[in-house]
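A.B. asks: The structure is given below, and queries will be raised subsequently.
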Amino acid sequence: MTVYQVIKNVVYVLLFVDVIALAVTMIVRWLKKKKVLNIAVILEIVLIPILFFTFFVLAFKQYKESEETVSEVVETAVNEEEPASGDFKAESSDIKDGVWDDAIANTERGENLSPQLSWDTVAGAKVYVVYMIDPDGNNWLHMKAVSYDTDLDRGEVRNELKTEYIEPGYIGPYPPGGTHTYDVYIFALKEEKDRYPGILDRPCDGIEPIAEKLDVMENGDIGNVLGMAYISGTYTKQ
């Protein structure tokens, strides 16, 4: 839990206590038929907007800090010279010399099988979410998968979906012409989500907006992403 989360929780508790105290005070005064506001009531009334403002300022700062952290992680990973990078390591037997195997492609030469992937265990991770994106094809989303283990066998991800719900989906590379790059991102998350951003076989906004959405926990706090692994390979239509 970050410092912002701790302070935000404290402010939330103080706000709750202040509202309850104000309600109790007003009820007591009403029962006693007192119309003049005393210092305690005035302080309780003044504290409410102050605490509300403080809470939202902290929430905004927490969001901006997470946005910068996620952006830095993604930027560092994709700018590394090595094809596999990130906070933890991943690899695939379906990449040879930086080129994806024909078996994963959705072409005449391919079999449209999702790639074999394996990655390091991340402490505290409850679930791993895997994306494959074609940045040369308008950030086309080719895979969205959820795993509770640290590997996916070739062809394991099969369902082709067009929703943001939890079920996995895969559609192999089918570049319209020439060579395209296909990036795989693996996110380690503290907790599962009801739905995961991105719709299969359609363009997406890119990996950073996806990472920012994954980083939001169920209670609205930031910090769900524990780390990210990255693999990149190319595929050429012939």
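The sequence shown begins at 877 in this note's numbering and counts up one residue at a time.
For every residue, glycine included, the Cβ atom is placed at its ideal position computed from N, Cα and C.
Small disclaimer: the values here were computed from a predicted structure and weren't measured.
To the nearest angstrom, how far is the alpha carbon of Ile926 from that of Tyr1061?
C.D. replies: 42 Å
A.B. asks: Under the rule that 16 or more other beta-carbon atoms within 10 Å means buried, what is Gly974, buried or exposed?
C.D. replies: exposed
A.B. asks: Can you tell me whether Leu919 is buried or exposed? The criterion is at least 16 other CB atoms within 10 Å of its CB, across all chains shown.
C.D. replies: Leu919 comes out exposed.
A.B. asks: Considering just the uninterrupted stretch of the alpha helix (DSSP H) at Ala1087, what are its terminal residues?
C.D. replies: Ile1083 to Leu1090
A.B. asks: Quick check on Asp1012: does DSSP put it in helix, strand or coil?
C.D. replies: Looking at Asp1012 - three-state DSSP - the assignment turns out to be helix.
A.B. asks: Taking the CB atoms as reference points, tell me whether Tyr1007 and Leu1017 lie closer together than 8 Å.
C.D. replies: yes
A.B. asks: What's the C-alpha gap between Gly1045 and Asn1095?
C.D. replies: 27 Å
A.B. asks: Distance check for Asn982 and Met1104, CA to CA, integer angstroms please.
C.D. replies: 26 Å
A.B. asks: In whole angstroms, what is the alpha-carbon distance linking Ala899 and Val889?
C.D. replies: Approximately 15 Å between the Cα atoms of the pair.
A.B. asks: First and last residue of the beta strand (DSSP E) that includes Asp973?
C.D. replies: Premise fails: Asp973 is in no beta strand (DSSP E) and is neither H nor E.
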